[in-house]
Every structure is written in structure tokens, then in C-alpha cells.
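Here's the structure, in C-alpha cells; my notes come after.
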Amino acid sequence: MAIPKKKQSAAADTDNSVRLQKFIADQGICSRRKAEELILQLEVTVNGNIAEIGQKIIPGKDVVAVKGRHIVPTENATITLMMNKPRGYVCSNDDPFNEKTVFDLLPKQFRKERLFCVGRLDKDSQGMLILTNDGDLAHKITHPSSQIVKRYLVTLNRPYTPELIQAMLAGVETEDGLLKADKIIPSKAGFKKDYQMEIHISHGKKREIRRMVEACDFFVHRLSRTQIGALKMRNIPIGGITKLSRKEIDLLLS
Numbered sequence: 619m620a621i622p623k624k625k626q627s628a629a630a631d632t633d634n635s636v637r638l639q640k641f642i643a644d645q646g647i648c649s650r651r652k653a654e655e656l657i658l659q660l661e662v663t664v665n666g667n668i669a670e671i672g673q674k675i676i677p678g679k680d681v682v683a684v685k686g687r688h689i690v691p692t693e694n695a696t697i698t699l700m701m702n703k704p705r706g707y708v709c710s711n712d713d714p715f716n717e718k719t720v721f722d723l724l725p726k727q728f729r730k731e732r733l734f735c736v737g738r739l740d741k742d743s744q745g746m747l748i749l750t751n752d753g754d755l756a757h758k759i760t761h762p763s764s765q766i767v768k769r770y771l772v773t774l775n776r777p778y779t780p781e782l783i784q785a786m787l788a789g790v791e792t793e794d795g796l797l798k799a800d801k802i803i804p805s806k807a808g809f810k811k812d813y814q815m816e817i818h819i820s821h822g823k824k825r826e827i828r829r830m831v832e833a834c835d836f837f838v839h840r841l842s843r844t845q846i847g848a849l850k851m852r853n854i855p856i857g858g859i860t861k862l863s864r865k866e867i868d869l870l871l872s
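Counted from 1, the sequence shown has number 713 at position 95 by our numbering; the numbering is strictly sequential.
Next comes the structure, spelled out in C-alpha cells:
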């Protein structure tokens, strides 16, 4: 299949132009980071031509398509939800290999909204999950430059050792680079407290904690995210959802 020749959009540098990846995220298609991946994978076109990272467009004038689907600009109000994600559900809008996604848990009033997950939890993990149609918010929370700390309560298959903690704080080398915890707090109370620890991470690579632990010959028995930024998850039953206030959204970015 021939790739269309590059052609500049109508945007130039006009006041109402926006970067393409921001436009896609603002329309609730996916996060800005995922939009960048789609552009790099040649899945996005502008006016019928293959798009480029950083390209600017004029919403409503330039014709944007993602995977062949025309994106019509909308001015939807932003919605941000917090879910206590159960184990067994995947953080995907459409996963042909899994029957259950977190979007199946949404109340009826939110099911027609074009929401996406902000910082995924894998199928076997549970806890605090943010869903939104606010592309800017998602970008701020997930981009490494923001340095927003996520906290996880981790239960191991056997008692942790000082060597494990030291290794994770120093950084564990894996096939795709160095994995590193920002802070580790060993549990001081609770059932099998020497199996549990709180791990803080300000970045977010795929299955990072699990892969870091496994590289040290342990494995994660249970993993739950408890906090993002200064916002803690409280009083939400497993599978439950609450809409966040502006004040709570600001705490996410703290």
C-alpha cells in the first residue's frame, strides 16, 4: 500500500491550531501518549495524508482520522472518575482476548462517554484507577516529567529481605532497561507483615513492579494501587466508582 505524500495541514501557526496528539486525546479517543504511538504507527491521517508527531491542525477544518475512522470535533464537558478496580478486569476500551474490561463496570450514565484509563493496572492488579475524557489531565498525570508519585501496596509470595529492598531502590536491570522504586516502606502491621510493603513510583512502565520483583527471584501475590499524587482512595468498594471534584483532581496533580 502506497503511503500518501506529506502535505501540510491548514494549521500553519494560527491561534486556533492545536497539536494533533492533543486533539486526539481531547476527543476522548485515547491518552496523549497513546495518540503519539498511533501517529508513529502510521494509524493517523490528516486530510488523507499520513500524520507526523507534533503536527498542528485546526479542529473542524482539517480532517483527522484514526485507524480510518473520521474524528468529529466535539466540545464535551470533561469527566473524571475514580474506580476501585477489581482483579480480573483489563484496562482497555476493546480487548478481543478478554471478556471483562473496566468499562463494563461503569454506571449507565457514563457508558456513552468516551472515557479512557489514565495509567493502567494489569488484569491481576486492583485498586485506584482514574478514567477520564480529559486529555490534558491524562498527559499531566502519566508524563514522566510530571514526577507524580503512585503508591502501591504489594504482597509478596515470601518474606522480603533487605537485599530485595536495596536492589529495587538501586534499580534492577531488565531486558528493556532499568526498573527502579522511588521509595519502599516495609509494612509494620497486619497479617504476614513481613510479606508486605508499600512501593512508590513516579514513572510507569508496563508491569513495572511485578517485573522488578521477579528479577529478584520473588513474585507478587497481590498488588493494589492506593494513591496517585496527594489523592488517596477511600471508602470505595471493589468495583465501585465515584466522580471526582475539581479539588480532588487538583490533588491528583500534587
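Even for Gly, the Cβ is constructed at its ideal location relative to N, Cα and C.
Just so we're clear, the structure is a prediction, and the values are computed from it rather than from any experiment.
Check your understanding: Fully enclosed by the segment 728–801, which alpha helix (DSSP H) runs are 4 residues long or longer?
Key -> 753–760 and 780–788
Exercise for review: May I ask which residues mark the beginning and end of the beta strand (DSSP E) holding I819?
Suggested key: As a position in the sequence shown, residue 819 is number 201, starting the count at 1. Its beta strand (DSSP E) spans residues Q814 to I819.
Practice item. With distances taken Cα to Cα, identify the nearest neighbour of Q845 among L782, L774 and R769. Key: For the purposes of this step, residue 845 is taken as residue 227 along the sequence shown, with counting starting at 1. Closest by alpha carbon: R769.
**Study point:** Nearest candidate by alpha-carbon position, reference T692, set F721, I647 and A669
**Key:** Position 74 of the sequence shown, counted from the first residue, corresponds to residue 692. That would be I647, whose Cα lies nearest to the Cα of T692.
Point to revise | Cβ pair count under 8 angstroms reaching 3, the segment 635–647 against the segment 751–765 | key: Three or more Cβ pairs drawn from the segment 635–647 and the segment 751–765 lie within less than 8 angstroms of each other, which places the two stretches in contact.
Exercise for review: For G847, count neighbouring Cβ atoms within 10 angstroms of its own Cβ and tell me buried if that reaches 16, exposed if not.
Suggested key: By 1-based counting over the sequence shown, the position of residue 847 is 229. Buried is the call here.
**Study point:** Cβ neighbours of L796 in the same chain (closer than 6 angstroms, five flanking residues each side left out)
**Key:** Taking the first residue of the sequence shown as position 1, residue 796 is located at position 178. Counting only Cβ-Cβ distances below 6 angstroms, and skipping sequence neighbours, we find G789.
Exercise for review: Please name the residue or residues paired with T719 in a DSSP beta bridge.
Suggested key: Along the sequence shown, one-based indexing puts residue 719 at 101. The partner list for T719 (beta bridge, DSSP) reads V708.
Check your understanding: Between which two residues does the alpha helix (DSSP H) containing V831 stretch?
Key -> Along the sequence shown, one-based indexing puts residue 831 at 213. Element bounds for V831: E826 to E832.
Point to revise | Limits of the unbroken alpha helix (DSSP H) element including I846 | key: Translated into positions along the sequence shown, residue 846 becomes position 228. Per DSSP, I846 belongs to no alpha helix (DSSP H); it is in the beta strand (DSSP E), V838 to I846.
Review point. Short check: CB of L870 to CB of I766, under 9 angstroms?
Key: Translated into positions along the sequence shown, residue 870 becomes position 252. Translated into positions along the sequence shown, residue 766 becomes position 148. Yes, the pair counts as a contact, with Cβ atoms nearer than the cut-off.
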